[in-house]
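With the working numbering, letter number 60 in the sequence shown gets 261, and the count goes up by one each step, no holes. Using N, Cα and C, we set each Cβ at its ideal position, and we do this for glycine too. Since this is a predicted model, take the numbers as computed values, not measurements. Notes for the one structure printed next.
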Amino acid sequence: MLTSVMNEKYIYWKDYYDNKHVLKEFLTPTASEFSELSRRDIFRNSEIKQQIIKYCLILKKYLINCKTNNICNNSKGCWYINYWLNDKTREIYDNLDNTIFDIYNRFIIDDGELSEKNMCTSKIHFIQNDIFNVMKNLYGLYEIYDNVKTSDVDSYFACHYAKSCVDEYNKNISNCVIRDNNNNNNFCDALDNLNSVFKDDEWISKDKCNATIPKLLSPQEAHDILQEKSQYVHQHRGYPPAEDLKSQLQETPVTFQAIKADKNIDIPTPRSAYVSIIIPLLATLVGIFLLFLYLYKFTPFGQWLSSRQGTIRISQNINNEMYDLQEHSSEDYQTNLEHIRCNVAYQSIGDI
């Protein structure tokens, strides 16, 4: 269940998508920009990792671009970049707290350009782990849907990602049976917004995937299915039979998440999907070829081929023997000829 989500803001799909693609332009700062920024007094502490300096540089370029071009809503842009900083900073610090975020805020205040624009001041903060994990689930769902949009030219992968979207949505919406303004209301509002987006999407709701996409469940439906599966597992002290589970998952894709301990989604890339098909096929062909090499001799074709090879070997042996005989006869002839010549010469000398 969702706990202590408080009033943390959750970005809707469209705002997340727009801000993400704005940020993409600034993810690779130049070496000269990094070197110049690293000489500032705020970064002279040797314990500050270089990635933090890089993130400050990305933060500055993102905020200036948003403000100058008026392409990011002020508050929503701050929400997005704050989540992004929390996500990236967690990758380099095991026990993250607000200390690092004090550096980000000091940087915003001390930087002349940022302080002048007065953007996101004191809005960059550490997100508590339980809240961050809920955000990561929601924004992970956004990332899958982004794959649906970018895979539009390939129906196989678009449908695959579309199904994953519905699976994840149904899993998360089960938490919204009871809404509390102090807890999960913002999260559930974001899911409601995504539901309306899905209903207008041709891959998810317009039968473009030939009815392979499960239906979007209501919070109560998803919750009831989750409870049923939990009771089944508890009563049987294990998992349902594979065939029974498979048929139920086809109807209610959210249920596999209730049983699956790992909540991560494994989505194959185009390359991995093709490799997973080609490798077993090649292995099968090699196995058939080796089996044929072993068994062909017992077939009529193998017996004919063996007799044919035997005939060829006999013919070759005869030819070799004839060749050796001819060679031997030739050598004897040459020897006799030389002997005759010597006798003739000897007799001629004797007659003289």
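Element boundaries [alpha helix (DSSP H), containing residue i]
i           : result
residue 402 : From DSSP, residue 402 is part of no alpha helix (DSSP H); its letter is neither H nor E.
residue 307 : 299-311
residue 377 : Element bounds for residue 377: n/a, residue is neither H nor E.
residue 265 : 251-270
residue 223 : 214-224
residue 233 : 232-239
residue 354 : Careful: residue 354 lies outside any alpha helix (DSSP H) and carries neither H nor E.
Of the listed residues the options, nearest to residue i (C-alpha basis)
i           : options            : result
residue 347 : 424, 355, 362, 356 : 362
residue 249 : 416, 488, 305, 481 : 305
residue 377 : 274, 335, 286, 307 : 335
residue 267 : 245, 222, 431      : 222
residue 278 : 225, 217, 245      : 217
residue 219 : 288, 273, 385      : 273
residue 342 : 317, 366, 403, 270 : 366
residue 414 : 357, 430, 482      : 357
residue 253 : 480, 401, 269, 285 : 285
residue 351 : 281, 302, 404, 265 : 404
residue 226 : 251, 479, 246, 265 : 265
residue 325 : 331, 385, 301, 317 : 301
residue 353 : 426, 402, 427      : 402
residue 331 : 385, 345, 380      : 385
residue 235 : 321, 245, 251, 333 : 251
residue 280 : 323, 269, 416      : 323
Buried versus exposed, by CB contacts within 10 Å (16 or more), residue i
i           : result
residue 151 : For the chain, the structure presents residues 202 to 553; residue 151 sits outside this window and is missing.
residue 261 : buried
residue 290 : buried
residue 359 : buried
residue 486 : exposed
residue 375 : buried
residue 215 : exposed
residue 283 : buried
residue 448 : Its pLDDT being 46, under 50, residue 448 is placed unreliably in this model, and the coordinates cannot settle the point.
residue 399 : buried
residue 211 : buried
residue 327 : buried
residue 340 : buried
residue 349 : buried
residue 391 : buried
residue 308 : buried
residue 364 : buried
residue 263 : buried
residue 294 : exposed
residue 287 : buried
residue 292 : exposed
residue 388 : buried
residue 430 : buried
residue 482 : exposed
residue 299 : exposed
residue 426 : buried
residue 345 : buried
residue 491 : exposed
Heavy atom of the ligand GTP within 7 Å of residue i beta-carbon
i           : result
residue 480 : In the structure shown, the ligand GTP is absent, as is every other ligand, since no ligand is present at all.
> Is the region 365-376 in contact with the region 391-400, if contact means three or more CB pairs nearer than 8 Å?
Replying inline: Counting Cβ pairs under 8 Å, three or more are found: they touch.
> Is the region 411-423 in contact with the region 236-249, if contact means three or more CB pairs nearer than 8 Å?
Replying inline: Not touching, per the Cβ criterion.
>> Pairs of beta-carbons, one from the region 218-235 and one from the region 397-411, closer than 8 Å: are there three or more?
In response: With a cut-off of 8 Å, the region 397-411 and the region 218-235 do not count as touching, because too few Cβ pairs lie within range.
> So, do the region 308-318 and the region 257-276 have three or more beta carbon pairs nearer to each other than 8 Å?
Replying inline: Here the region 308-318 makes contact with the region 257-276; the two share three or more CB pairs at distances below 8 Å.
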